[in-house]
Amino acid sequence: MREELASTNDEARRLAENGAADGLVVLAERQTSGRGRRGASWYAAAGESLAFSIIVRPTEPQSLWPRLALAAGLAVAEAVESDIPGVGIKWPNDIWIGGRKVAGILVEAGGDFAIVGIGINVNTREFPPEVADIATSLHLAAGRPLESADVLTKILEHFMWRRSQIGAGFDEVLDGVRLRCVLTGQAVTLMTASGPRRGTMEGLGPGGELLLRTPNGLERIIQADEVRLDDFNARA
Ligand code: BTN
48 MREELASTND EARRLAENGA ADGLVVLAER QTSGRGRRGA SWYAAAGESL
98 AFSIIVRPTE PQSLWPRLAL AAGLAVAEAV ESDIPGVGIK WPNDIWIGGR
148 KVAGILVEAG GDFAIVGIGI NVNTREFPPE VADIATSLHL AAGRPLESAD
198 VLTKILEHFM WRRSQIGAGF DEVLDGVRLR CVLTGQAVTL MTASGPRRGT
248 MEGLGPGGEL LLRTPNGLER IIQADEVRLD DFNARA
């Protein structure tokens, strides 16, 4: 545990490059340059949220490592749903409660390791205006404060199990994500490298890719920079 770091993902990468072991967790009270997906910054109030990164040295082929993102999202959802009902996953791995984001995950690969960074709003009760209507916390959802250490322990327990399923057993991860996916059946717009794709999300394919029904047929989306629910009010 460190009081302040620029980014736990950067520190975990530095440690991994210097030989740190699989499973090592870097936790910071405060990040000065916390990073989100797509180069966005990640703000989290010190003392009210968890920001940590796990070093993973998968035994599975590198082509399967992107599955860690789904495994981590599922682990976070499973870890908090004993306290809070209705936890959803917005593909690929944002965690939503009541249509608002409560946690985000940033997976980055190194040469022979991956870093799984997780940020989760635990006891935040007020958010900055920019995110006030799209963010929530476990405290707000549960109606009572939660112990950050307990949340962390549960996430790590679930993650250690789910990460072992990115090869054999990935169907179990997929089933867990499918069950909680807030996009299924919804009209969505995906910003992909080859432009925007609009359609209805039909589900997840066997590799965790998003199946999008479009006027041209069924498209398989492996990666998207941004995923938007077209009917904002349909968020669940
Ligand atoms: C996202 O939803 O955009 C992903 C957010 C990931 C934030 C976490 S906080 C811990 C770790 N360190 C970082 O700099 N980012 C991740």
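In terms of my numbering, the sequence shown opens at residue 48 and continues consecutively.
Don't be surprised by glycine CBs; every beta carbon is placed ideally from N, CA and C.
Computed from a predicted model, the values in this text were never measured in an experiment.
In this structure, does DSSP put PHE206 in helix, strand or coil? Your numbering for residue 206 matches position 159 in the sequence shown. The answer is helix: DSSP assigns PHE206 an H, G or I state.
Exposed or buried, which one is SER184 when buried takes at least 16 other CB atoms within 10 Å? What you label residue 184 is simply residue 137 of the sequence shown in a count that begins at 1. By the 10 Å Cβ count, SER184 comes out buried.
Range of the contiguous beta strand (DSSP E) that encloses GLU219: Within the sequence shown, the letter at position 172 stands for residue 219. Element bounds for GLU219: not the beta strand (DSSP E) but the alpha helix (DSSP H), 217-227.
Buried versus exposed, by CB contacts within 10 Å (16 or more), ASN65: The residue you call residue 65 lines up with position 18 of the sequence shown. ASN65 should be labelled exposed.
Going by CA-CA distance only, name the one from THR79, GLU173, ASP57 and ARG84 that's closest to VAL73. Working through the sequence shown from its first residue, we reach residue 73 at position 26. Per the Cα distances, ASP57.
Assigned secondary structure, SER100 (DSSP; H/G/I helix, E/B strand, else coil): Position 53 of the sequence shown, counted from the first residue, corresponds to residue 100. Reduced to three states, the DSSP call for SER100 is strand.
Within the chosen definition, does the stretch 219-229 reach the stretch 249-265 through at least 3 CB pairs nearer than 8 Å? yes
What is the rounded straight-line gap between the Cα of ARG225 and the Cα of ALA98? Taking the sequence shown and counting its residues from 1, one reaches residue 225 at position 178. Taking the sequence shown and counting its residues from 1, one reaches residue 98 at position 51. Rounded to the nearest angstrom, the two C-alpha atoms are 26 Å apart.
Enumerate in chain order the residues of its own chain whose CB-to-CB distance from GLU107 is below 6 Å, with the five nearest sequence positions on each side excluded. Within the sequence shown, the letter at position 60 stands for residue 107. Answer for GLU107: ILE213 and GLY214, listed in chain order.
Please specify which runs of the beta strand (DSSP E), each continuous and at least 3 residues long, are wholly inside the stretch 140-167, giving them in chain order. 141-144 and 147-156
Is LEU199 near ligand 1 - that is, is its Cβ less than 6 Å away from at least one heavy atom of it? As a first step, residue 199 must be located in the sequence shown, where it is residue number 152. Outside the cutoff, so no.
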